[in-house]
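Asker: Before we start, here is the structure in question, set down as structure tokens.
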Amino acid sequence: RERLGVRFVDGDGLVRDDDRPRRGWKESVESWLAADPHDWDPRAVAVERIDTGIDPGTVADAYDVVGEKSMVPTGGREAGRDRLKSFTSRIGEYPGSISSPVDARDGTSGLSPYLRFGCLSVREVHRHVDEHAPDGRGKSMFVSRLFWNLHYRQKLVDWPGWLDEAVNPVMRGFNRDRHDPELVEAWKAGKTGFPMVDASMRSLRETGWLNFRMRALCASVYFHVLQQPWLIGADHFHEHLIDSVAAINYTQWQSQCGLVGRPGLRLYNPHKQVRDQDPDGEFITRWVPELAELPAEYLPRPAKAPLAVQDDCGVRIGEDYPYPVVDYEAARLEFRDRYAAAYPRAAARLADETVARRASLSGGIGGAASIA
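Using this note's numbering, the first residue of the sequence shown is number 327, and each one after it goes up by one.
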């Protein structure tokens, strides 16, 4: 601030220094979103360079940062504004583009990195969409996502422990006794034997981005099927996602894993996701090229391909591509039994006002309970 010589203003719309931050939260956020924009002169901060004394190489070495990703969008405010205008003009296509990892690459807004790095603000994006986007399902769905952005960021303000501790005390340490470094590494490397998970994890490492459904799928398989400690997986996502906001990444991981105790399990079937979201195998064969010659009908479960088919296409499961690292059905049922045993106690703990508040279940936007 001293180097720039300008006045900074609070710009996130979150509620602080309040013992009941969710009381009237929806109205507070709506008022903030509707407020007149600040009058400022961009020339006041038009500096070529600010000497911070921090060497990027030192940071990369200290935190094991992977310095290069492919398909990274052009950074900066101007590029962000162009992306916002482009998306607004095609917002009607948004609902049909969010689930498929292929369609989502160009069909979603692509604004998350710009929001993450402050090139654009949630309020600015909301104002532009409100004023320029045609009314319809696409507009209303996208606006709800902007509220979700604020909702999850408010969660971290309400309770900073979201970053490293299960919000529900009953769920702390769940899966910790099952930690298997080999399973974790197979998941990180995209070599689990579940093609949609493997393609997603390789895409994440290479590009730094995944659509929401694939993020949820990978988290679900990691915690519910491989049964590994949640924080290792959440940290991996945070390290590789170019749009990762800690408040959203870690709260979403806890919610997806079921560590809140409400609304319960969200278990994604990796075989079904292939059939539903990549039936032709475009996404899988791009990121898992060793399966490119396998007929698409076997991509949901490559290990089920008859040996004659494997010989004919030249793809040997167990040699060119691994068998599943765990038995999906057995692992899924085992986890459900373990979780079911803990769930009543976890749900009961939400009756504790302190736990309910840290989980942000005391109010908020209308859908807060269902997306907690």
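We put the CB at the ideal spot given by N, CA and C, even for glycine.
None of the values given here were measured: they were computed from a predicted structure.
#1: Nearest to Ile558 by CA position, among Ile380, Pro347, Trp513, Arg531, is which residue?
#2: State the CB to CB distance for the pair Leu585 and Val493, rounded to an integer number of angstroms; the pair is presumed to be in contact (CB under 8 Å).
#3: Within 10 angstroms of the Cβ of Met397, are there 16 or more other Cβ atoms? Answer buried if so, exposed if not.
#4: For the structure I just gave you, are there three or more beta carbon pairs, one from the segment 452 to 463 and one from the segment 625 to 637, closer than 8 Å?
#5: Cβ of Tyr478 within 8 Å of Cβ of Gln578?
#6: With a cut-off of 8 Å, do at least 3 Cβ pairs link the segment 428 to 448 to the segment 556 to 570?
#7: Please say whether Phe661 and His562 have beta carbons closer to each other than 8 Å?
#8: Could you check what DSSP says for Ile643 in three-state terms: helix, strand or coil?
#9: Can you tell me the Cβ-Cβ gap for Pro521 and Val600, rounded? I've got them flagged as a contact below 8 Å.
#10: Return yes when the Cβ of Ala677 is within less than 8 Å of the Cβ of Tyr594, no when it is not.
#11: So is Val385 buried or exposed if we call it buried at 16+ other beta carbons inside 10 Å?
#12: Can you tell me whether DSSP reads Lys517 as helix, strand or coil?
#13: Could you pull the start and end residues of the alpha helix (DSSP H) that Leu536 belongs to?
#14: On the DSSP letters alone, give me the boundaries of the alpha helix (DSSP H) that Val496 sits inside.
#15: For Ile380, count the other beta carbons within 10 Å of its own beta carbon; 16 or more makes it buried, fewer makes it exposed. Which is it?
#16: Considering only the beta carbon of each residue, do Ser425 and Thr434 sit closer than 8 Å?
#17: Could you tell me the distance, in whole angstroms, from the CA atom of Arg612 to the CA atom of Gln603?
#18: For Val652, which of helix, strand or coil comes out of DSSP?
#19: Return the chain-ordered list of same chain residues with a C-beta closer than 8 Å to the C-beta of Leu489, the five sequence neighbours on each side being excluded.
#20: Excluding five sequence neighbours on each side, which residues of the same chain lie with their C-beta closer than 7 Å to the C-beta of Gly689?
#21: Suppose you measure from the CA of Gly383 to the CA of Ala668; what does that come to, to the nearest Å?
#22: What do you reckon, are the CB atoms on Gly587 and Met497 nearer than 8 Å?
#23: Going by CA-CA distance only, name the one from Asp344, Ala674, Val652 that's closest to Glu508.
#24: Quick one, are the C-beta atoms of Gln480 and Leu340 less than 8 Å apart?
#25: The alpha helix (DSSP H) with Cys583 in it runs from where to where?
#26: Nearest to Ala618 by alpha carbon, out of Arg642, His597, Lys598, Asp377?
#27: What three-state label does DSSP hand Trp613 in the structure shown?
Answerer: Inspection of the coordinates gives the following:
#1: Here the question's residue 558 lines up with position 232 in the sequence shown. Here the closest residue by C-alpha is Trp513.
#2: Mapped onto the sequence shown, residue 585 falls at position 259. Mapped onto the sequence shown, residue 493 falls at position 167. So it is a contact: roughly 6 Å between Cβ atoms.
#3: The residue given as residue 397 occupies position 71 in the sequence shown. When all chains shown are included, Met397 counts as exposed.
#4: no
#5: Sequence index remark: in the sequence shown, residue 478 carries index 152 (1-based). Sequence index remark: in the sequence shown, residue 578 carries index 252 (1-based). Cβ distance < 8 Å, so Tyr478 and Gln578 count as in contact.
#6: At 8 Å Cβ cutoff, the stretches touch.
#7: The count along the sequence shown starts at 1 and reaches residue 562 at position 236. The count along the sequence shown starts at 1 and reaches residue 661 at position 335. No.
#8: Your numbering for residue 643 matches position 317 in the sequence shown. Ile643: strand per DSSP, three-state reduction.
#9: As a first step, residue 521 is located in the sequence shown; it is residue number 195 there, counting from the start. As a first step, residue 600 is located in the sequence shown; it is residue number 274 there, counting from the start. With a Cβ gap of about 6 Å, Pro521 and Val600 count as contacting.
#10: Position 268 of the sequence shown, counted from the start, is the residue given in the question as residue 594. Position 351 of the sequence shown, counted from the start, is the residue given in the question as residue 677. Cβ distance not < 8 Å, so Tyr594 and Ala677 don't count as in contact.
#11: Counting from 1 along the sequence shown, the entry for residue 385 is found at position 59. Val385 comes out exposed.
#12: For the purposes of this step, residue 517 is taken as the residue at position 191 of the sequence shown. Lys517 sits in coil when the DSSP states are folded into three classes, being neither helix nor strand.
#13: By one-based count along the sequence shown, residue 536 stands at place 210. Where Leu536 is concerned, there is no enclosing alpha helix (DSSP H), given that its DSSP letter is neither H nor E.
#14: As a working mapping, residue 496 is identified with position 170 in the sequence shown. It is not in any alpha helix (DSSP H) - Val496 carries neither H nor E in the DSSP assignment.
#15: Position 54 of the sequence shown, counted from the start, is the residue given in the question as residue 380. Ile380 comes out exposed.
#16: Your numbering for residue 425 matches position 99 in the sequence shown. Your numbering for residue 434 matches position 108 in the sequence shown. No. Outside cutoff.
#17: To locate residue 612, count along the sequence shown from 1; it is residue 286. To locate residue 603, count along the sequence shown from 1; it is residue 277. Distance between the alpha carbons of Arg612 and Gln603: 14 Å.
#18: For the purposes of this step, residue 652 is taken as residue 326 along the sequence shown, with counting starting at 1. Of the three classes helix, strand and coil, the one that applies to Val652 here is coil, per DSSP.
#19: Numbered from its first residue, the sequence shown carries residue 489 at position 163. Taking Leu489 as the centre and dropping the five residues before and after it, the same chain places the C-beta of Leu482, Ala572, Tyr576 closer than 8 Å to its C-beta, in chain order.
#20: Taking the first residue of the sequence shown as position 1, residue 689 is located at position 363. Here the model assigns Gly689 a pLDDT of 41, short of 50, so the residue's position is not dependable, and the following value carries that caveat. The answer, listed in chain order, is Arg348, Arg349, Trp351.
#21: Counting from one through the sequence shown, the residue named residue 383 turns up at place 57. Counting from one through the sequence shown, the residue named residue 668 turns up at place 342. C-alpha separation (whole angstroms): 45 Å.
#22: In the sequence shown, the residue the question calls residue 587 occupies position 261. In the sequence shown, the residue the question calls residue 497 occupies position 171. Yes; because the gap between Cβ atoms is below 8 Å, this pair is in contact.
#23: Locating residue 508 in the sequence shown gives position 182, counting from the first residue. Among Asp344, Ala674, Val652, the Cα nearest to that of Glu508 belongs to Val652.
#24: Translated into the one-based positions of the sequence shown, residue 480 becomes position 154. Translated into the one-based positions of the sequence shown, residue 340 becomes position 14. Closer than 8 Å, so yes.
#25: For this step, residue 583 is matched to residue 257 along the sequence shown. Here the alpha helix (DSSP H) through Cys583 covers 572 to 583.
#26: Your numbering for residue 618 matches position 292 in the sequence shown. Checking every option, the nearest Cα to that of Ala618 belongs to Arg642.
#27: Numbered from its first residue, the sequence shown carries residue 613 at position 287. Correct three-state label for Trp613: helix.
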